[in-house]
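Q: Next up is a structure, given as structure tokens.
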């Protein structure tokens with residue numbers, strides 16, 4: 083018998099709305115010249131509205147799904163932006179209409195930074211630190227190319243000590259960009275087993291994607307142009 087679902091608890095974390103920007107080509111795409119803070123500001127404003135596709139700069143209280151002053155904390159996942167990103171994201175939150183009483187933090191967990199931001203907010207809700215929060219993620223490889231990350235912002239370490247320690251190779255592998263890491267993953271044991279295994283996993287991934295699209299209660303709508311963004315934002319909203 084399948085285990086019975088856990089009973090609901092008053093402090094269960096629930097996602098009530100989720101939106102995102104389009105995924106465009108780096109350097110040549112429609113959002114290439116838009117700074118990450120502008121993307122974030124637009125999304126933070128739209129996610130609070132009852133009808134994000136009707137976003138407007140002078141939204142009234144009745145336009146909001148949740149009033150901005152109900153949001154107690156925002157956590158933003160980011161990897162490539164410079165050290166001043168936390169300030170830029172704080173400015174983005176304030177320009178989106180969130181009050182100065184809404185705190186903001188950033189988190190870097192590489193490719194899962196946005197997911198970690200959501201987890202941080204969910205944990206804060208579960209433990210009673212906050213009641214309402216926003217977990218977000220923002221990145222622009224046009225503004226902050228991945229291959230130039232360590233060139234522009236080298237780690238502050240004792241290089242002699244790092245290169246001469248007992249596990250120097252493992253230590254220095256931390257500098258491998260995620261793009262090259264994905265190439266290395268393709269050579270791991272799972273993929274080395276041959277094309278047949280890759281086809282099985284590819285088919286399974288497509289099946290899961292179709293199943294998710296047909297079963298997850300998310301609809302689609304669009305945001306108008308906000309904060310100089312030339313492309314419409316694609317929105318996923320949890321069904322009420």
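Numbering (my numbering), first residue to last: 83 to 322. Think of the CB as a built atom: it goes at the ideal place given N, C-alpha and C, for glycine as much as any other residue.
With distances taken from CA atoms, which of 235, 234 and 254 is nearest residue 242?
A: Checked all of 235, 234 and 254; the closest Cα to residue 242 is 254.
Q: Let me know if residue 96 comes out buried or exposed under the rule of 16 or more other beta-carbons within 10 Å of its beta-carbon.
A: It counts as exposed.
Q: Helix or strand or just coil, what does DSSP make of residue 222?
A: Coil, per DSSP.
Q: Alpha carbon to alpha carbon, what distance is there between residue 247 and residue 300?
A: Any reading at residue 300 is ruled out, since the residue's pLDDT is 46, under 50, leaving its predicted position unreliable.
Q: Just verifying my parser: in three-state terms, what is the DSSP assignment at residue 153?
A: Reduced to three states, the DSSP call for residue 153 is coil.
Q: Short of 6 Å in beta carbon distance, which residues of its chain neighbour residue 217, apart from the five on each side in sequence? Order them along the chain.
A: Cβ within range, chain order: 157, 199, 200 and 203.
Q: Using DSSP with H/G/I as helix, E/B as strand and the rest coil, what is residue 186?
A: Here residue 186 sits in strand by DSSP.
Q: To the nearest angstrom, report how far apart residue 219 and residue 251 are at their CA atoms.
A: If you take the alpha carbons of residue 219 and residue 251, they lie about 31 Å apart.
Q: Can you give me the C-alpha to C-alpha distance between residue 306 and residue 134, rounded to a whole angstrom?
A: Residue placement at residue 306 is flagged as unreliable, the pLDDT there being 41, under the threshold of 50; a coordinate-derived value is accordingly withheld.
Q: For residue 190, which option in 170, 150, 165 and 173 has the closest C-alpha, if you only look at C-alpha atoms?
A: Among 170, 150, 165 and 173, the Cα nearest to that of residue 190 is on 165.
Q: Assuming residue 184 and residue 175 make a contact with CB atoms under 8 Å, what is their CB distance in whole Å?
A: Going by Cβ atoms, the distance from residue 184 to residue 175 rounds to 6 Å, so yes, they are a contact pair.
Q: Residue 126 and residue 147 - do their beta-carbons sit closer together than 8 Å?
A: No, the pair does not count as a contact, with Cβ atoms beyond the cut-off.
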